[in-house]
Structures are given as structure tokens and as C-alpha cells.
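Here's the structure, in C-alpha cells; my notes come after.
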Amino acid sequence: KLEKTLGYIKPDACDKLGDVVEAISERGLLIAKMRLCRMNQNDASTFYEEHKGKSFLRDLLNYVTEGPVVAFELVGENAINRWRELIGPTDPSKARAEASTSLRARFGKDVTHNGFHGSDSPASAAREIEFFFPSSGRYMLPNCV
Ligand code: CMP
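Here's what the structure looks like:
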């Protein structure tokens, strides 16, 4: 079915934007929206509220706030799963062990610094698209272009 999903390139992988756009278009997904945003700790805690209490949360928040991220809305058949397949497993070393050509296998560093995000369900996709691309009148991340 036709779906929308939210992806973003984490700060240390933003120089791979060209490779990411190429991989997305090779897979026939459409980049409907794209923007550069800088999240602060408060923004990132809101985005990752499902991970509240997890041991890796502090490292994750420090990582995704260390510089700007490139966020995009992708549209296509089964876009949610297809984008997640394209980025690969959470842990890049696992991705490389599978001899995968996924973005995390190619550009990820470790389980925290894995370079890429993808929504995991239609409900999170809707919430995360609204977070980075709010409908008019809604709260807008302050540091976006
Ligand atoms: P992502 O799956 O996009 O969202 C949660 C992030 O937390 C994950 O990418 C990693 O960047 C980070 N993380 C660090 N350690 C872990 C872990 N053990 N399990 C899951 N996520 C982790």
C-alpha cells in the first residue's frame, strides 16, 4: 500500500546526503519533503520519548544534537519497511557481517553512531512527519531551514 515515512540522516552522516538520495531514488521511493534541522536536547527527548528510561538514551540524545540533521518524508509502496531495509540493522557491525550494502553497513560507525533513522510503524511515521514537517499553526522546530 502507498505509505509515507520519516527518515533522517544523523549529524555525522550528513556528508553522505548524495549517496542517500541516490540509494532512495534507485529504490523508486519519492522524496516528498526535505529540510535541514538542528535539534536541541529538549527536541530530541520529545522525538525519542518511546526510549525514555533506556540505558542508551543519553548517548543517543548527545549524538543527534551534536550537529544538524537532514530530515525527509518518503512516499511509496511499503515505504516504511523499504526505507528500513535500505538503512539496515541498528548495529552497523551486524549490517557489515551480513555483507549487506545497506546505508548503515556502508556509512554507520557503531550501534549508537549508526547514521540513519527510519520510522518503524504507520503511527510513528505520522507522529515523526508531524514533528519535522508540522501542519501550519503547530509547534515548529526552531532551528530548521
Ligand atoms: P534508531 O533505531 O534510529 O533509534 C534508536 C537509536 O538509539 C538507534 O538508532 C541508535 O542510534 C541508538 N542506540 C544505541 N544503542 C542502542 C541499542 N542497544 N539498541 C537500540 N538502539 C540503540
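In UniProt numbering, the protein residues as written are 90 to 234.
Idealized CB from N, CA, C, for every residue including glycine.
Quick caveat: nothing in here was measured; it's all calculated off a predicted structure.
Run of the alpha helix (DSSP H) containing residue i, from where it starts to where it stops
i, result
"Tyr97", "Segment 91-98 is the beta strand (DSSP E) holding Tyr97; no alpha helix (DSSP H) there."
"Phe220", "211-221"
"Gly207", "It is not in any alpha helix (DSSP H) - Gly207 instead sits in the beta strand (DSSP E) that spans 205-207."
"Val110", "106-115"
"Tyr152", "146-153"
"Lys183", "181-186"
Sequence-distant residues of the same chain with beta carbon closer than 7 Å to residue i, five excluded per side
i, result
"Phe222", "Lys122, Glu162"
"residue 257", "No statement about residue 257 is possible, as the shown extent of the chain runs from 90 to 234 and does not include it."
"Ser189", "Gly177"
"Leu146", "Tyr137, His140"
Pair within 7 Å by beta-carbon distance, residue i and residue j
i, j, result
"Thr94", "Ala215", "no"
"Leu119", "Gly165", "yes"
"Tyr97", "His206", "yes"
"Arg193", "Pro157", "no"
"Glu217", "Ser208", "yes"
Status (buried if at least 16 other CB within 10 Å, exposed otherwise) for residue i
i, result
"Ser144", "exposed"
"Ala184", "buried"
"Val109", "buried"
"Ala168", "buried"
"Leu91", "exposed"
"Pro181", "buried"
Supposed contact pair residue j and residue i - C-beta distance, whole angstroms, cut 8 Å
i, j, result
"Ser191", "Gly177", "3 Å"
"residue 236", "Val159", "Outside the shown range of the chain, which is 90 to 234, sits residue 236, and nothing can be said about it."
"Pro211", "Glu155", "Going by Cβ atoms, the distance from Pro211 to Glu155 rounds to 30 Å, so no, they are not a contact pair."
"Leu150", "Gln130", "6 Å"
"Arg116", "Arg171", "6 Å"
Boundaries (first-last residue) of the beta strand (DSSP E) holding residue i
i, result
"Gly197", "Unbroken run through Gly197: none, as it is neither H nor E."
"Phe161", "158-166"
"Leu122", "Sequence check: residue 122 is Lys here, not Leu. Its beta strand (DSSP E) spans residues 119-126."
Cut-off 6 Å between Cβ atoms - residues of its own chain near residue i, not counting five sequence neighbours on either side
i, result
"Ala102", "Phe196, Gly204"
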